[in-house]
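Q: Here you go, one structure.
2 protein chains.
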Amino acid sequence: MYLIMVYDINEKRVNKVLKIGRKYLNWMQNSVLEGEITRAKFIKLKNELKSITKKEEDSIIFYKLRTMRYFDRETMGVQKALNEQIL
Amino acid sequence: MYLIMVYDINEKRVNKVLKIGRKYLNWMQNSVLEGEITRAKFIKLKNELKSITKKEEDSIIFYKLRTMRYFDRETMGVQKALNEQIL
Numbered sequence: 136m137y138l139i140m141v142y143d144i145n146e147k148r149v150n151k152v153l154k155i156g157r158k159y160l161n162w163m164q165n166s167v168l169e170g171e172i173t174r175a176k177f178i179k180l181k182n183e184l185k186s187i188t189k190k191e192e193d194s195i196i197f198y199k200l201r202t203m204r205y206f207d208r209e210t211m212g213v214q215k216a217l218n219e220q221i222l
Numbered sequence: 136m137y138l139i140m141v142y143d144i145n146e147k148r149v150n151k152v153l154k155i156g157r158k159y160l161n162w163m164q165n166s167v168l169e170g171e172i173t174r175a176k177f178i179k180l181k182n183e184l185k186s187i188t189k190k191e192e193d194s195i196i197f198y199k200l201r202t203m204r205y206f207d208r209e210t211m212g213v214q215k216a217l218n219e220q221i222l
């Protein structure tokens, strides 16, 4: 499946969340990662995130799509991920 | 169409961007809004955003879907939008 992950994390833990996210997905811009992922890896990703986030303070939204074909991405302003040569 | 908007904006302008976004979409969590929007209103939204953002510093990603049925949303941790009674 194709996953978009957007996180809103206490700054004490935000770098750890980014580091975990990057193991599975591509960084797009501040607080946003996306990429193709298997269901098994998605479960691993969530388990890793659960182990370091605090559920009373942190929030992560996952948008799960069957395939990339179901959406169009449009960027306004700097395309930050391009600087990283991910796209 | 259904729109997910994620922004990464210089803090000087971030409140203005949020205010514009809220006119058209529902706030989900820090830097994320989403909602059903017509193409005409999407153009208006982009024009308003263009008028106040700086394209060398700010970045906004729009994920455009034909319908909400094409994705599942899963939240980990606090569901911030619930506190606002939007969902």
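Protein sequence lines correspond, in order, to chains A and B.
If you read the first sequence in this note's numbering, its first letter stands for residue 136, the second for the next number, and so on.
If you read the second sequence in this note's numbering, its first letter stands for residue 136, the second for the next number, and so on.
Built from N, CA and C at the ideal position, the CB exists for glycine as well.
Near Ile-155 of chain B, what residues of its chain come up, given a Cβ to Cβ distance below 8 Å and the 5 sequence neighbours on each side ignored?
A: Leu-180, Glu-183, Leu-184 and Ile-187
Q: Apart from the five residues just before and just after Val-213 of chain A, which ones in its own chain have a Cβ nearer than 6 Å to its Cβ?
A: Result list for Val-213 of chain A: empty, nothing under 6 Å.
Q: Tell me whether Ile-187 of chain A sits in a helix, a strand or coil according to DSSP, three-state version.
A: helix
Q: Strictly below 7 Å CB to CB, what residues from chain A border Leu-200 of chain B?
A: The answer, in chain order, is Tyr-205 and Phe-206.
Q: For a contact meaning CB atoms closer than 8 Å, what does Lys-215 of chain A contact in chain B?
A: Asp-143 and Ser-194
Q: Going along the chain, which residues of the segment 165 to 198 of chain B sit with their C-beta nearer than 8 Å to a C-beta in chain A?
A: Correct list: Asn-165, Ser-166, Val-167, Lys-181, Leu-184, Lys-185, Thr-188, Lys-189, Lys-190, Glu-191, Glu-192, Asp-193, Ser-194, Ile-195, Ile-196, Phe-197 and Tyr-198.
Q: For Met-136 of chain B and chain A, any beta-carbon pair shorter than 7 Å?
A: No - not a single Cβ of chain A is within 7 Å of the one on Met-136 of chain B.
Q: In chain order, what residues of the same chain lie with their CB nearer than 6 Å to the CB of Tyr-142 of chain B, ignoring the 5 residues before and after it?
A: Val-152, Ser-166 and Ile-195
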